[in-house]
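Colleague: So the protein lines, in turn, are chains F and L.
FYI, my numbering numbers position 352 of the first sequence as 352, with every residue one higher than the one before it.
FYI, my numbering numbers position 128 of the second sequence as 128, with every residue one higher than the one before it.
We treat Cβ as the ideally placed atom computed from N, Cα and C, and that holds for glycine.
On a predicted model such as this, the values are computed, not experimentally measured, just so you know.
There are 2 protein chains.
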Amino acid sequence: MAQTFISMRNLKFMLYEMFDVESLTTYPYFADHSREVFDMVLDTGMRMGKDILFPVFAEMDKQQPEFTGTTVKVHPVVETVMKACGEGGWIGAHAPYEFGGQQIPMSVMTAFRGIFSAANYSACVYPFLTTGAAHLVMSFGSQELIDAYVPKMFAGQWQGTMALTEPQAGSSLTDVSTTAFPADDGYYTLKGQKIFISCAEYDSIENVVNLMIARIEGAPQGIRGISLFVVPNKRLNEEGELVSNDVSCSGIYHKLGYRGAPITQLSLGENDDCRGWLVGEPHKGIRYMFQMMNEARIDVGMGAAAIASAAYYAALEYTRERPQGRKITSKDPAEPQIPIIEHADVKRMLLFQRAIVEGAFSLIFQCSKYTDLITVLEEGEEKEKYELLLEILTPIAKTYPSEMGILSCSQGLQCLGGYGYCDEFPLEQYYRDVRIHPIHEGTTGIQGMDLLGRKMVMKDGKALFLYLAEVEKTIAGAKSIDELAPYAEKLQESLESLKEVAQGLTELALKGEIEIFLADATLFLEFFGIIAIAWQWLLQALTAHEALAGASEGAEADFYRGKLHTFRYFFEYELPKIQGLAVRLKNSGDGLTVSMRPEYFSE
Amino acid sequence: MAQTFISMRNLKFMLYEMFDVESLTTYPYFADHSREVFDMVLDTGMRMGKDILFPVFAEMDKQQPEFTGTTVKVHPVVETVMKACGEGGWIGAHAPYEFGGQQIPMSVMTAFRGIFSAANYSACVYPFLTTGAAHLVMSFGSQELIDAYVPKMFAGQWQGTMALTEPQAGSSLTDVSTTAFPADDGYYTLKGQKIFISCAEYDSIENVVNLMIARIEGAPQGIRGISLFVVPNKRLNEEGELVSNDVSCSGIYHKLGYRGAPITQLSLGENDDCRGWLVGEPHKGIRYMFQMMNEARIDVGMGAAAIASAAYYAALEYTRERPQGRKITSKDPAEPQIPIIEHADVKRMLLFQRAIVEGAFSLIFQCSKYTDLITVLEEGEEKEKYELLLEILTPIAKTYPSEMGILSCSQGLQCLGGYGYCDEFPLEQYYRDVRIHPIHEGTTGIQGMDLLGRKMVMKDGKALFLYLAEVEKTIAGAKSIDELAPYAEKLQESLESLKEVAQGLTELALKGEIEIFLADATLFLEFFGIIAIAWQWLLQALTAHEALAGASEGAEADFYRGKLHTFRYFFEYELPKIQGLAVRLKNSGDGLTVSMRPEYFSE
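(1) If you check the beta carbons only, do Ala-296 of chain F and Glu-441 of chain F fall under 7 angstroms apart?
(2) Going by DSSP, what residues sit across from Ala-169 of chain F in a beta bridge?
(3) Mind checking the segment 428–445 of chain F against chain L and listing, in chain order, the residues whose C-beta falls within less than 8 angstroms of any C-beta there?
(4) Excluding the five sequence neighbours on either side, which residues of its own chain have a C-beta within less than 6 angstroms of the C-beta of Leu-24 of chain F, listed in chain order?
(5) Quick check: is the beta carbon of Ala-519 of chain F nearer than 7 angstroms to any beta carbon in chain L?
(6) Here's the rule: buried if 16 or more other CB atoms are within 10 angstroms of the residue's CB, otherwise exposed. What is Val-243 of chain F?
(7) Do Ala-119 of chain F and Gly-218 of chain F have their beta-carbon atoms positioned less than 7 angstroms apart in this structure?
(8) For Met-456 of chain L, name the three-state secondary structure that DSSP assigns.
(9) When you compare each of F:Arg-47, F:Val-471 and F:Gln-503 to Asp-460 of chain F by their alpha carbons, which one comes out closest?
(10) List the residues of chain F whose Cβ lies closer than 9 angstroms to the Cβ of Ala-334 of chain L, in chain order.
(11) Write down the C-beta distance between Val-230 of chain F and Val-137 of chain F rounded to the nearest angstrom, noting that I regard them as a contact closer than 8 angstroms.
(12) Using the Cβ count rule (16 or more neighbours within 10 Å means buried), how would you classify Leu-236 of chain L?
(13) Which residues in the same chain as Glu-428 of chain F place their Cβ atom closer than 8 angstroms to its Cβ, once the five residues preceding and following it in sequence are excluded?
(14) Could you check which residue in L:Ala-148, L:Val-176 and L:Arg-224 has the C-alpha nearest to that of Trp-277 of chain L?
(15) Taking the Cβ atom as the reference point for each residue, do Tyr-600 of chain L and Asp-32 of chain F lie within a distance shorter than 7 angstroms?
(16) Taking Arg-348 of chain L as the reference, give the member of L:Thr-319, L:Glu-206 and L:Met-60 with the closest Cα.
(17) What does Gln-579 of chain L reach in chain F if we use C-beta pairs closer than 7 angstroms?
(18) Check whether the Cβ atoms of Gln-324 of chain L and Ser-602 of chain F lie closer than 7 angstroms to each other.
(19) Please confirm whether Leu-554 of chain L has its beta-carbon closer than 7 angstroms to some beta-carbon of chain F.
(20) Look at the alpha carbon of Trp-158 of chain F and the alpha carbon of Ser-122 of chain F, and state the distance between them as a whole number of angstroms.
(21) Given a cut-off of 7 angstroms, decide if Val-108 of chain L and Val-56 of chain L are closer than it, judged by their beta-carbon atoms.
(22) Measuring CA to CA, which of F:Gly-88, F:Met-289 and F:Thr-522 is closest to Tyr-400 of chain F?
(23) Between F:Thr-80, F:Pro-65, F:Gly-45 and F:Met-60, which lies nearest to Ala-93 of chain F when the distance is taken from Cα to Cα?
(24) Return yes when the Cβ of Glu-201 of chain L is within less than 7 angstroms of the Cβ of Thr-264 of chain L, no when it is not.
(25) Do three or more CB pairs link the segment 357–376 of chain L to the segment 473–492 of chain L at distances below 8 angstroms?
(26) Please identify the residue among F:Phe-181, F:Ala-315, F:Arg-47 and F:Gly-89 whose C-alpha is closest to the C-alpha of Cys-415 of chain F.
(27) Tell me Arg-35 of chain F's beta-bridge partners as DSSP assigns them.
(28) Just to confirm, are Gly-285 of chain F and Ile-195 of chain F a CB contact at a threshold of 7 angstroms?
(29) On the DSSP letters alone, give me the boundaries of the alpha helix (DSSP H) that Phe-528 of chain F sits inside.
(30) If you follow the alpha helix (DSSP H) that Thr-506 of chain F is in, where does it begin and where does it stop?
(31) With distances taken from CA atoms, which of L:Cys-249, L:Ser-7, L:Ile-216 and L:Pro-395 is nearest Thr-71 of chain L?
(32) Could you tell me which uninterrupted alpha helix (DSSP H) segments, each at least 4 residues in length, are contained entirely in the segment 406–488 of chain F, listed from first to last along the chain?
(33) Beta-carbon within less than 7 angstroms of Ala-534 of chain L's beta-carbon, same chain only, minus the 5 sequence neighbours each way: which residues are those?
(34) Skipping 5 residues on each side, what residues in its chain have a beta carbon closer than 7 angstroms to that of Cys-199 of chain F?
(35) Residues bridged to Glu-66 of chain L by DSSP?
(36) Please list the partners that Tyr-605 of chain L has in chain F, where partner means a Cβ-to-Cβ separation under 7 angstroms.
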C-alpha cells in the first residue's frame, strides 16, 4: 500500500511560500508562535496520521460500526484518536487561550486536519466534529455552558456533534419539528427525532454533546422559530454523576463509504426526560448554526481534497511500479514493458488528479488565511473585505473539491485498471468515501443557490467586486512575467465571461424571474468554481516561477517544474470547460428545466 | 424499492419507431419473424427480469461469491438464470438456425439484454458471456468443436468465458505468456495463469468453456504469435464422462461492485494435464478474439446504459414521492412541502440522467441495426458501409455509456441526498456496479487510441466520411422542420468543429509526431462521443416530433413531449461541452502530457 497520502512539501509550499502564514505572527494574537511552532504542528499531524490513522484506514471500512440495540460499537482506534487529540490539545488548538485553546492559526490547523483527513477520513471526523461543536458553545453559549462542556470536549473526553436533520427536514431546515418545552431551572425538555447525525452515539466515549436545533413550543413557524440547544446524551445529576438524558440511538445507516464513522438516528425524550440548554437567544439557532456550518463547509472541501490527495498518491505509486505496454514509437515485443507512468494518457490522468487536489487545497488555504486575518483585524473595511471574500468563496471551497474529488478519485481508480476495482488496493474505498461530500453540510444544489441567490447579490454585489479585484491583482502580477502572461490573459478572458454571465443572470432576477434565475445555479457554481481554481493555479505558478529561478537542479527544482506543468495542464484542459458552461448560462433565460413538467418524465 | 428499471415504452420507441426493426423481416434471413415475435421476446425478457433477476439485485451484492478453496459458491439464482435462459433458447437466440439458434435480430436481442442488464447486471453476465464465447466457436471453430461445445452452451448447461488477461498482460495483450504445447490427437497442453476472468468457476454449473488466448510454443513474439483455444474446466474422457482438465481456480477478487459475478484467477496445467483445442488457425487468435470483443464492447455500453437506466428510474420514483422544501416563489412555511421533482435543479438532474440513458441506448440500437444489416446484406458497398460505421462507432458505443453512466448514476444518487448514500436504496449499488465499465473489455484509454489511431485513419478515413454523411442526412431532415432547425444548425456547427479538430490531429500524425498525435485520444473520444449522441438525439426528436403530431393528449403525448424536452436539454446542456474539448484538442500539438516527466510528479 502507498505510504504517502498527502505531500508535506506541498503543504509547506502553500502555507509558507504562497500564503506566508509566518507573517501572521506579527499580529499580537499569534505573536507567541513561529515557523518552528507551525512546523511542529504539521510534523505531529503527519506522525499521528502515519502512526495511528493511516494503518487502520481499510480496517475501519471493513469492520463497520455495529448497532448493539442501545449503543454503537466502533473501531478501537477511535478511542486512541480521541485520547491522543485531547491530550495533545488538537481539538481546541485553534481556540483562544481564554477557552483553553492555543491560538494556532486556522491556516495551520487546516493543514493539520488535511493530513488527518487524507490519512483516514472516517477517523478524523470524531475530533474535528468536536472542535466545531465546542466552537458553537464558545461563541454563543453562556459562561456556565462553556465551563460545563468545552473543557471536556477539548480534552477528547466528550464527543461533539451537529444535530440538524430530521426525517422531514433535510435540505429544508425550515421544517424542523423537534420541540423544546420550557421547564424549570433554565432547561428545556426536548421531544423529537433526528437522523443522519454523525458520531452521536458510540461505546468508547464517556458522553456525547449534541448541538441541536429545535423549535421552542409556540415559536414562529419557519426558519425564524428555530433555536439552538446543547443536548448531551448524558447529563450530570445533582451528585455530579453522569446519568441518562433520554437521548436514545435507534439505529445507524449502512453507507456506501465513510464507514468508520457511524451515522445515527436519535430519539429524544421517549421518556419525557430529555433536557436541553438553550445556546444564546431563542429563535436565533439557524444564524448560530450557520457560523459553524460555514466553517464545516470548508472542512468538507478539505475532506474531499484530502481523500483525493490520498487517492492520487496511491495511483501515482502504482503507475510508477506497474509495467505494461511500450512506447507508441517502439512496439517491439522483445523490449521490456515500461512503467505505465510513461504513457501520455496515464500522465494526463495523474495531472488531472494533481490539478484538482492542489487547486482545491490552494483555495481552501486561501479561505483559511482570510479566516486568520478576520481573527486578527479590527472592525473596518479590511476586515469586511476578508469576511465578504470568505462568504463568496465558501460555497466554492465546499463544492469544487467535493464534486471534482469524485472525478479525481475515479481517475485514480482508472489508473489501476482492473486492480482499481478490487479491494486489494485502496482506490475503490477512496471512490466510495469521497462520494459523501457533495451531500453533507448542504448539497451541491444548496451551495449553488447560496452562491447565486445570496452571495452574488449581498451588499449590492460587493463580495463579487472584491473577488474580481483580488483575481485582477493576481493577473496583473502574472502579466509582467513572459512565461505566465499568456495564462494571465486567459484568466482575464474568463473573468470577462464571468461578468457577462453574471450580468445576464442578474437581469433575470431583476425581471422577477426568480425560479428561472436560480434554475442553473448549480452550473453557475461549477463555472465560478473553475475560474476560482484557475486563479489559485496562477497564484501557485507565480510562487513556483519565482522559486524555480533560485532552485538548483534536483528534487526542489522538480517540485517547482511539476507545479508549473500542472498549472499549464489546468489552463489547457480544465479552464476551457467554462466555455460550454457559459454557452448554457447565457441561455438560462429559456427556463428549460423549469418548464419540464413532472408528467413528461413518464416511463 | 422502485419497480421500473427500464422503460418498455422507450425500447419500443427505439426499435419500432426510430429504427424500424420490423423492416428487417423483409429480408429472407429474418422472414420467419414479425413484430409479434419481437414483442414476445421483449415481454419475456421483461417478465424474466421482473420475476427472476430484479428481486435478487441487492441480495446478490450482499451475498457475494465465496471461494471455497476449489470452487466458488454463487447465489442460487445463477442456476435458475442459466437454466431459464438455456431452456428458453435465449443464449443462442441470435445465432443462425444451423447452430441451433433462432435468428432473432441483434437489435431485438440487444433490447432483451438491456432489460436483463438493467434488472441485475451481475446475473445477466452468466448467460451473455456464454453467448459471446459460443459465437467465437461457431465463427472460427471446426465442426467437431462446434458440435462438442455449442449445444451445451446454448442449453445453459455449460458456462462460456473469455480468458485473455494475465498478471503481466492486461491492456498489453502482446505480452500474453500462457503457453500451448502441441500434443497428440490434435490437442495442445496448456500452462500458465489467467486473472480477472469472469465466471470461470462456480459451483452450480456442470462445466465452464474458456475461450482462451495463448502462445503456441515457438510462436513469433508479440501479437502475431497468439492463438485461440477452447480450454474447458472439465473435458470428456473416452467413456464420455466429464473429468478434470487441470484448470484450477486459485482465488477470486473482492470488488467495488458487480459483486454477483465472480472474477477468478485461473492456473492452467499445474499437473501438466490441461488440454486446449485450437480454434481456427494458429497465430490468428487476436483477430478472432477481436470479433467477439467488438460485440462485447457494445454489450458493455449496453450494460452501463442499462444500469444508469435502473438508477434513473429509482431516482425518479424517489423524487416523485419525497416532499422537501417549497417553490422558490412561495417560501411560506405554513404551506405543505412539495415533491422534490418540482424543484428546477432536481429536474435538471433527472433530465441529465434521461439524456445520458436514452442517448446511449439510441446509439447502441443504431449499432445493432448496422449489425443486423451486415448479417442480411450481400458483400458490396452497402454492407461495407455498415461495417465501417460499426467500426468507428464501437469505441463510442462502449465508452460514452460507460463514462457518462458513472456520472448519471452519481446524479441519481444525489437526487436522494443522504439516502442516496445509504444501502436502504439501490443507488449506491448502481454507483458501484457501473464503475466497472470504463475498465473491462478495453479501458477508456484503449478505446480512445482505437478511435483516433485506427478507426479514424482506416481506409483513408472512409469510416469517418461515411459517418459524417449519415449525420448530415439527419441534419438535412431536421432542417426542414421549424422547431428542429435551430438544433440541426447546432449539430452542423459541431460537425464542422469535429472536422477541424480531426484535421489538426491528422497533421500531427502526418508530421510523424505519433505520441503527441495520440496523447489526447481520450479527449477526442469524449468530444466525438458527445457529437454522436447529439446526432442520436436529433434522430429521436425527428421521430418524436412526427409522432406527437398524431398523438392525442395523455400518456403518449407526454412521452413524446418528454422526449423533445430531453432532446433540447441535451443540446442546451451537454452539446456545448464540446467547445472546451475543441479548445484543448486544437492545441494538442503542444504535447503537454508527453513532456511531463515522471520525476516532476515528486511529492
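Modeller: In short:
(1) yes
(2) F:Glu-166
(3) Glu-428, Tyr-431, Arg-432, Arg-435, Ile-436, Pro-438, Ile-439, His-440, Thr-443, Thr-444 and Gly-445
(4) Phe-30, Pro-105 and Asp-372
(5) yes
(6) exposed
(7) no
(8) coil
(9) F:Gln-503
(10) Gln-221 and Gly-222
(11) 6 angstroms
(12) exposed
(13) Leu-413, Gly-420, Tyr-421 and Cys-422
(14) L:Ala-148
(15) no
(16) L:Thr-319
(17) Gln-579, Gly-580 and Val-583
(18) no
(19) One detail in the question is off: residue 554 of chain L reads as Gly in this sequence, not Leu. By this cut-off, Gly-554 of chain L is not an interface position.
(20) 18 angstroms
(21) no
(22) F:Thr-522
(23) F:Gly-45
(24) yes
(25) no
(26) F:Ala-315
(27) Its beta-bridge partners do not exist; DSSP assigns none.
(28) no
(29) 521–550
(30) 485–510
(31) L:Cys-249
(32) 427–433, 444–449 and 462–479
(33) Leu-491, Ser-494, Phe-570, Phe-571 and Leu-575
(34) Val-125, Tyr-126, Leu-129, Gln-159, Thr-161, Ala-261 and Pro-262
(35) L:Lys-73
(36) Residue 605 of chain L lies beyond the stretch modelled for chain L, which goes from 1 to 603, so this question has no answer here.
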